[in-house]
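Undergrad:
Following this line, the structure appears as structure tokens:
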């Protein structure tokens, strides 16, 4: 059976009796060949490499990403967000099955919120997409947010590249769905869709900033049965509220659709709108420019995280950091003063290094 490890008992939220068998690190060719062969199981292993904290696996994942072709402009990257309970999973399953009928191979990267206690996630999206999850032309990967803000996970962008390398040409990123701050998805997708609940749209709600003004398409979901009239009023309310906004892409008027995922109504109209937007930005040349800017933005963000981690590896800086952290916990210092002291320590380090 091989060696196995027991999980640490330091966290009361974890079952300490659970055991798992660690997998060996395979050769790079195993992963690159698997992606070329469009193997969904090896694709899952590749994403697991990205998420690993093991030094060897992280190093291998860096080499894997570096080996991928930079020409990934043949795919469509769609972000879908909306509050919990709006029906994102049901909508995505209907859209995914529709895309397969159109000849696409959709990959769904579903971001789940992580527990602040155990750091774990439920990751139940595959169980909510019963038909799509077993279809050979679809791929669904639930991923924990691990505390990353903005509605996506730390390695979502790299996961997109892996999905495209495995032959998936319509990548759907389902965000956590926790509110107005979920604008980070716009830095990794070509087009964004906001799902709305019937009754969620009066004029005041519609004028809110944040995710509202970053969405390219609005869809009032669950527009069926007794909620149909309410959904119609929501559509009108959002349509009126959007008159106060000017979409950043000239020539695009943000549409608002009614959709019933259960009755499969409205999916084709949403698909047509997605393709119309993609054609518009391709014809105007902003598609490639947007992708290039995303690379720059992602580099800047990841550089900041890298610098932060490298700085804390310095023993002197880490010592100062821990001392200040303990003083904050004991209320012997306030956060502004602690930050100034941390800044002085960093400045001293940089002067010494130069």
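Numbering (my numbering), first residue to last: 1120 to 1473.
The C-beta atom is built at its ideal place from N, Cα and C for all residues, glycine as well.
Would you grab the beta carbon distance between residue 1338 and residue 1378 for me? Rounded to a whole angstrom, and I think it's under 8 Å.
TA: Rounded, the Cβ-Cβ distance is 5 Å, consistent with contact.
Undergrad: Should residue 1363 be labelled buried (16 or more other beta-carbon atoms within 10 Å of its own) or exposed?
TA: Classification of residue 1363: exposed, given that the 10 Å Cβ count is below 16.
Undergrad: So, do the stretch 1338-1350 and the stretch 1311-1321 have three or more beta carbon pairs nearer to each other than 8 Å?
TA: yes
Undergrad: Specify the secondary structure class of residue 1431 as computed by DSSP and reduced to three states.
TA: In this structure, residue 1431 counts as coil in the three-state DSSP scheme.
Undergrad: Take residue 1278 and list the residues in its own chain whose beta-carbon comes closer than 6 Å to its own, dropping the five residues that flank it on each side.
TA: Correct list, in chain order: 1166 and 1228.
Undergrad: Just to confirm my understanding: we take residue 1286, look at its own chain, exclude 5 residues before and 5 after, and list those with CB closer than 7 Å. What are they?
TA: The residues are 1157 and 1224.
Undergrad: When the distance is taken between beta carbons, is residue 1248 closer than 8 Å to residue 1259?
TA: yes
Undergrad: With a threshold of 16 other CB atoms inside 10 Å of the CB of residue 1402, please say whether the residue is buried or exposed.
TA: exposed
Undergrad: To the nearest angstrom, how far is the alpha carbon of residue 1308 from that of residue 1412?
TA: 11 Å
Undergrad: From the DSSP secondary-structure annotation, give me the bridge partner or partners of residue 1339.
TA: In the DSSP output, where bridge partners are listed per residue, residue 1339 has 1315 and 1377.
Undergrad: If residue 1179 and residue 1281 are in contact, beta carbons under 8 Å, what's the gap, nearest whole angstrom?
TA: Contact flag wrong, Cβ pair sits at about 13 Å.
Undergrad: Note down, in chain order, each residue of its chain lying with its Cβ closer than 6 Å to the Cβ of residue 1184, except the 5 sequence neighbours on either side.
TA: Closer than 6 Å at the Cβ level, and outside the excluded window around residue 1184, lie 1277.
Undergrad: Where do the N-terminal and C-terminal ends of the alpha helix (DSSP H) with residue 1455 fall, by residue?
TA: 1454-1472
Undergrad: Considering only their Cβ atoms, is the gap separating residue 1406 from residue 1388 smaller than 8 Å?
TA: no
Undergrad: Which residues does DSSP list as the beta-bridge partners of residue 1199?
TA: 1293 and 1312
Undergrad: Where does residue 1192 land, buried or exposed, given buried means 16+ other C-beta within 10 angstroms?
TA: exposed
Undergrad: State the start and end residues of the unbroken beta strand (DSSP E) segment that holds residue 1229.
TA: Residues 1225-1231.
Undergrad: Please classify residue 1469 as buried or exposed, where buried requires at least 16 neighbouring CB atoms within 10 angstroms.
TA: exposed
Undergrad: Give me the DSSP bridge partner(s) of residue 1261.
TA: 1229
Undergrad: Would residue 1349 pass as a contact of residue 1317 if the rule is Cβ separation under 8 Å?
TA: Taking 8 Å as the cut-off, the beta carbon of residue 1349 is found closer than this to the beta carbon of residue 1317.
Undergrad: Comparing C-alpha positions only, which one of 1427, 1386 and 1197 sits nearest to residue 1396?
TA: 1197
Undergrad: Which term fits residue 1345, buried or exposed, when burial requires 16 or more other beta carbons within 10 angstroms of its beta carbon?
TA: exposed
Undergrad: Measure the Cβ-Cβ separation of residue 1194 and residue 1256 and say whether it is below 8 Å.
TA: no
Undergrad: Buried or exposed for residue 1303, going by 16 or more other Cβ atoms inside 10 Å?
TA: buried
Undergrad: Can you name, in chain order, every residue of its own chain whose Cβ lies under 7 Å from the Cβ of residue 1326, other than the five neighbours on each side?
TA: Per-residue confidence for residue 1326 stands at a pLDDT of 44, beneath the threshold of 50, marking its modelled position as unreliable; no derived number is given.
Undergrad: Should the stretch 1366-1373 be called in touch with the stretch 1197-1215, which here means at least 3 C-beta pairs below 8 Å?
TA: no
Undergrad: List the whole-angstrom C-beta distance separating residue 1150 from residue 1170, where the pair is believed to meet the contact cut-off of C-beta under 8 Å.
TA: At roughly 14 Å, the Cβ-Cβ gap does not stay under 8 Å, so residue 1150 and residue 1170 are not in contact.
Undergrad: Measuring CA to CA, which of 1306, 1182, 1284 and 1461 is closest to residue 1408?
TA: 1306
Undergrad: Let me confirm a value: residue 1268 is counted as buried when at least 16 other C-beta atoms fall within 10 Å, else exposed. Which label applies?
TA: Unreliable placement is indicated for residue 1268, whose pLDDT of 40 sits below 50; no coordinate value is reported for it.
Undergrad: So, for residue 1385: in the same chain, excluding its five sequence neighbours on each side, which residues have a beta-carbon less than 8 Å away from its beta-carbon?
TA: Answer for residue 1385: 1338, 1342, 1376, 1377, 1378 and 1379, listed in chain order.
Undergrad: Please report the residue range of the alpha helix (DSSP H) in which residue 1361 lies.
TA: Where residue 1361 is concerned, there is no enclosing alpha helix (DSSP H), given that its DSSP letter is neither H nor E.
Undergrad: Are there 16 or more other CB atoms within 10 angstroms of the CB of residue 1471, so buried, or fewer, so exposed?
TA: Here residue 1471 is exposed: its Cβ has fewer than 16 other Cβ atoms, across all protein chains shown, within 10 Å.
Undergrad: Taking the alpha carbon of residue 1293 as the reference point, which residue from 1181, 1207, 1172 and 1433 has its own alpha carbon closest?
TA: 1207
Undergrad: List, from N- to C-terminal side, the beta strand (DSSP E) runs of 3 residues or more that fit wholly inside the stretch 1369-1427.
TA: 1375-1377
Undergrad: First and last residue of the alpha helix (DSSP H) that includes residue 1193?
TA: Careful: residue 1193 lies outside any alpha helix (DSSP H) and carries neither H nor E.
Undergrad: According to DSSP, is residue 1210 helix, strand or coil?
TA: helix
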